[in-house]
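Asks: Count along the sequence shown from 1, add 65, and you get the number used in my numbering.
Just so it is clear, CB atoms sit at the ideal spot from N, CA and C, and this is done for glycine as well.
Since the model is a prediction, treat every value here as computed from it, not as a measurement.
Questions regarding the structure given below will be posed in turn.
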Amino acid sequence: MNSLRDINSDAVLRFGPYAFHLRQRLILQGDRPLRMGGRALDILQVLVERAGSVVSKEALITHVWPTSVVEEINLRVHIAALRRALGDGQNGQRYIVNIPQHGYSFTAPVQRDGTGMPVPVETVHKPLHNLPARLTPVTGRDSIVGSVVRQLPVRRLMTLIGPAGIGKTTVALRVAELLLQHYQDGVWRVDLAAIDDPAQLVEYLSRTLELDVNGAALVQRHTLVVLDNCDHLLERCRTVVDNLLASAPRLSILVTSREPLQAAGETLLPVPALAVPPACAIYDVAEAMGYSAVQLLVSCARARQQGFTLRQQDLNAVREICRRLDGLPLAIELAAEQIDALALVGLQAQLGNCLQLLTQGRRTALPRHQSLKAALDWSYEQLSPLEQTVLQRLAVFKVAFTLDVAIGVISCAVLLPASLVKGVESLARKSLLSVEQGSGVTRYRFLNTTRTYALKKLDHSGYLRAYERRYERYISQARWISGGQVSLQLIE
Numbered sequence: 066m067n068s069l070r071d072i073n074s075d076a077v078l079r080f081g082p083y084a085f086h087l088r089q090r091l092i093l094q095g096d097r098p099l100r101m102g103g104r105a106l107d108i109l110q111v112l113v114e115r116a117g118s119v120v121s122k123e124a125l126i127t128h129v130w131p132t133s134v135v136e137e138i139n140l141r142v143h144i145a146a147l148r149r150a151l152g153d154g155q156n157g158q159r160y161i162v163n164i165p166q167h168g169y170s171f172t173a174p175v176q177r178d179g180t181g182m183p184v185p186v187e188t189v190h191k192p193l194h195n196l197p198a199r200l201t202p203v204t205g206r207d208s209i210v211g212s213v214v215r216q217l218p219v220r221r222l223m224t225l226i227g228p229a230g231i232g233k234t235t236v237a238l239r240v241a242e243l244l245l246q247h248y249q250d251g252v253w254r255v256d257l258a259a260i261d262d263p264a265q266l267v268e269y270l271s272r273t274l275e276l277d278v279n280g281a282a283l284v285q286r287h288t289l290v291v292l293d294n295c296d297h298l299l300e301r302c303r304t305v306v307d308n309l310l311a312s313a314p315r316l317s318i319l320v321t322s323r324e325p326l327q328a329a330g331e332t333l334l335p336v337p338a339l340a341v342p343p344a345c346a347i348y349d350v351a352e353a354m355g356y357s358a359v360q361l362l363v364s365c366a367r368a369r370q371q372g373f374t375l376r377q378q379d380l381n382a383v384r385e386i387c388r389r390l391d392g393l394p395l396a397i398e399l400a401a402e403q404i405d406a407l408a409l410v411g412l413q414a415q416l417g418n419c420l421q422l423l424t425q426g427r428r429t430a431l432p433r434h435q436s437l438k439a440a441l442d443w444s445y446e447q448l449s450p451l452e453q454t455v456l457q458r459l460a461v462f463k464v465a466f467t468l469d470v471a472i473g474v475i476s477c478a479v480l481l482p483a484s485l486v487k488g489v490e491s492l493a494r495k496s497l498l499s500v501e502q503g504s505g506v507t508r509y510r511f512l513n514t515t516r517t518y519a520l521k522k523l524d525h526s527g528y529l530r531a532y533e534r535r536y537e538r539y540i541s542q543a544r545w546i547s548g549g550q551v552s553l554q555l556i557e
């Protein structure tokens with residue numbers, strides 16, 4: 066068997082922008098050494114020595130921990146650290162891919178320094194996906210994941226929509242994992258958050274899928290493409306998706322976005338929040354753990370604090386935390402990172418300043434995915450001036466509202482009713498307002514986190530107190546006219 070073990074220990078192996086000095090156990094990116102632990106380097110050396118082949122998880126564990134009994138999670142943690150260190154997945158370049166039910170494979174070309182000759186590799190299973198390794202279970206998503214898995218092969222184009230932090234990517238990746246066996250030519254994720262220029266979309270897509278630029282090689286493939294984070298490239302994505310589906314009859318596309326693509330044949334599926342406990346009291350731990358938002362909070366807390374246990378005296382705090390964070394997975398995960406410092410009661414006390422609490426986040430993610438505030442900043446910056454104004458002024462509503470009430474409270478000579486209606490409908494389409502239908506009436510509602518963000522913007526503009534007074538005056542007049550009942554009919 067050809068192997069890099071045949072190369073002397075002074076060899077320098079190059080892949081992408083990296084140089085792996087075997088004897089020194091050092092990896093350089095240009096002149097900069099990468100910081101990697103010894104176990105991660107052991108794993109990388111095994112994978113590079115067998116570049117192009119699939120190395121089983123058992124073989125990796127046996128090599129790296131020859132005298133210890135370790136769980137598979139240890140291996141996954143080090144694989145994830147390797148991927149982060151190498152920038153795996155950025156700019157369309159993959160180094161380490163997971164082959165479900167088989168193991169891991171190093172897929173980048175490897176060259177021996179000074180010869181320009183490629184290192185001999187074994188050719189076995191060609192990777193049929195570029196999905197990241199999952200490090201944690203998916204909580205509370207069985208229903209929506211099952212729905213997409215059943216429908217996608219038939220409908221061909223489905224879009225998961227929802228606000229920032231709702232878990233659209235998590236759902237899409239879980240669907241992709243479950244459909245790996247269905248699509249003969251593989252499942253491929255294209256993360257569009259990495260590009261800003263619509264003109265780069267086709268080239269980036271082609272590079273990720275290893276196609277020529279016109280995508281001809283995709284025509285006969287039985288493939289699922291996950292177009293992740295399409296929000297900022299909607300028009301270009303719509304054109305590309307229409308063209309791909311028309312030219313590749315065996316192709317399916319799963320999109321994640323905060324608003325619809327409005328492409329031909331698109332099926333929309335809103336991603337719901339996790340289930341939160343009701344406002345009334347919870348009487349035992351087992352009842353609380355029946356809600357997926359609580360399950361996620363407890364799971365994250367255990368990851369941060371060894372031995373964490375949900376106790377009877379914690380139930381009120383947990384219920385309030387999950388409700389105030391709207392059941393948003395990202396918000397719950399970020400809040401749970403503070404539990405070891407604040408404890409549950411301290412975390413509950415900080416909820417009034419929830420945006421500050423949710424400012425720190427995932428340092429390895431792209432900027433707009435690092436925290437909930439960063440995600441809201443990004444969404445806000447994409448809005449037109451009219452939409453920004455409407456979002457700010459609507460934040461005075463503490464509960465759901467109808468268009469009539471919104472017009473009564475915040476319309477003015479500058480913001481006419483027709484413009485206001487247009488702005489509200491646009492914000493709902495962009496998942497910044499949720500829509501509720503009941504008794505033939507359409508109502509709109511903020512998530513708590515979004516409303517807090519919009520209120521801060523309104524306060525910064527200098528108009529907060531003026532619109533709070535308009536809101537209070539309108540509600541008081543409405544109650545007087547109706548004998549106290551109209552507010553219930555219109556805004557609750």
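(1) Taking the continuous beta strand (DSSP E) assigned at Gly-168, which residues delimit it?
(2) Figure out for me which residue from Ile-475, Arg-516 and Gly-488 has the closest Cα to the Cα of Glu-537.
(3) Short check: CB of Ala-146 to CB of Ala-84, under 7 Å?
(4) Between the beta-carbon of Leu-319 and the beta-carbon of Val-336, is there less than 7 Å?
(5) Exposed or buried, what is Arg-215 when buried is set at 16 or more other beta-carbons lying within 10 Å of its beta-carbon?
(6) Could you tell me which of Ala-460, Asp-405 and Phe-80 sits nearest to Arg-177, measuring between CA atoms?
(7) Thinking C-beta only, is Ile-226 closer than 7 Å to Leu-333?
(8) Quick one: what does DSSP say Ala-460 is sitting in, helix, strand or coil?
(9) Quick one: using the 10 Å Cβ neighbour count with 16 as the cut-off for buried, is Thr-514 buried or exposed?
(10) Can you check which of these residues, Lys-122, Tyr-169, Gly-205 and Arg-97, is closest to Leu-393 by C-alpha distance?
(11) Taking three-plus beta-carbon pairs below 8 Å as touching, is the stretch 302-322 in contact with the stretch 456-468?
(12) On the premise that Arg-510 lies in contact with Ser-496, defined as a C-beta separation below 8 Å, what is that separation, rounded to the nearest angstrom?
(13) What residue from Gly-152, Val-135, Gly-251 and Ala-241 has the CA that sits closest to Gln-94's CA?
(14) State the CB to CB distance for the pair Ala-396 and Arg-323, rounded to an integer number of angstroms; the pair is presumed to be in contact (CB under 8 Å).
(15) Within the same chain, show all residues whose beta-carbon is closer than 8 Å to that of Asp-96, passing over the 5 residues directly before and after it, in chain order.
(16) Express the C-alpha separation of Ala-329 and Pro-202 in angstroms, rounding to a whole number.
(17) Cβ of Ile-161 within 7 Å of Cβ of Arg-148?
(18) Note down, in chain order, each residue of its chain lying with its Cβ closer than 8 Å to the Cβ of Gly-102, except the 5 sequence neighbours on either side.
(19) With 16 other CB atoms within 10 Å as the buried threshold, where does Ile-13 fall?
(20) Using only the alpha-carbon positions, how far apart do Thr-321 and Thr-235 sit?
(21) Taking its Cβ as the centre, do 16 or more other Cβ atoms sit within 10 Å of Gln-327, making it buried, or is it exposed?
(22) Relative to the alpha-carbon of Ala-440, which residue among Ala-258, Tyr-348, Ala-366 and Leu-243 has its alpha-carbon at the smallest distance?
(23) Might you give, ordered along the chain, the residues of its own chain that have their beta carbon closer than 6 Å to the beta carbon of Ile-357, omitting 5 neighbours on each side?
(24) Taking the C-alpha atoms as reference points, what is the distance between Val-184 and Val-175?
(25) DSSP on Pro-98, reduced to helix/strand/coil?
(26) Return the chain-ordered list of same chain residues with a C-beta closer than 6 Å to the C-beta of Gly-355, the five sequence neighbours on each side being excluded.
(27) Is any heavy atom in the ligand SAM found nearer than 6 Å to the beta carbon of Leu-147?
(28) Residue range of the alpha helix (DSSP H) that Trp-443 falls in?
(29) Can you tell me where the beta strand (DSSP E) with Glu-501 in it begins and where it stops?
(30) Does Glu-331 pass the burial test, meaning 16 or more other C-beta atoms within 10 Å, or should it be called exposed?
(31) Can you name, in chain order, every residue of its own chain whose Cβ lies under 6 Å from the Cβ of Asp-250, other than the five neighbours on each side?
(32) Between the alpha carbons of Leu-412 and Ala-366, how many angstroms are there, rounded?
(33) Note down the Cα distance separating Val-486 from Leu-448, rounded to an integer number of angstroms.
(34) Could you name the residues of the same chain whose beta carbon sits closer than 7 Å to that of Val-135, not counting the 5 residues immediately before and after it, in chain order?
(35) Using only alpha-carbon positions, find the residue among Ser-444, Leu-512, Leu-437 and Ala-478 that is nearest to Lys-463.
(36) Got a sec, what are the start and stop residues for the beta strand (DSSP E) Ala-478 sits in?
Replies: Well, looking at it:
(1) 168-171
(2) Ile-475
(3) no
(4) no
(5) exposed
(6) Phe-80
(7) yes
(8) coil
(9) buried
(10) Gly-205
(11) no
(12) With a Cβ gap of about 12 Å, Ser-496 and Arg-510 do not count as contacting.
(13) Gly-152
(14) Not confirmed; about 16 Å, so no contact.
(15) none
(16) 34 Å
(17) yes
(18) His-143 and Ala-146
(19) Nothing about residue 13 can be reported from this structure: the residues present for the chain run from 66 to 557 only.
(20) 10 Å
(21) exposed
(22) Ala-258
(23) The residue asked about is misnamed: residue 357 is Ser in this sequence, not Ile. So the list reads Thr-204, Gly-205, Leu-339 and Ala-340, once near-sequence residues are dropped.
(24) The predicted model places Val-184 with a pLDDT of 47, which falls under 50 and marks its position as unreliable; any figure quoted below should be read in that light. Taking the straight line joining both Cα atoms gives about 6 Å.
(25) strand
(26) none
(27) With respect to the ligand SAM, the structure shown offers nothing to examine, as it has no ligands at all.
(28) 437-446
(29) 499-503
(30) buried
(31) Arg-286, His-287 and Thr-288
(32) 12 Å
(33) 15 Å
(34) Ile-126
(35) Leu-512
(36) Segment: none, Ala-478 is in no beta strand (DSSP E) and carries neither H nor E.
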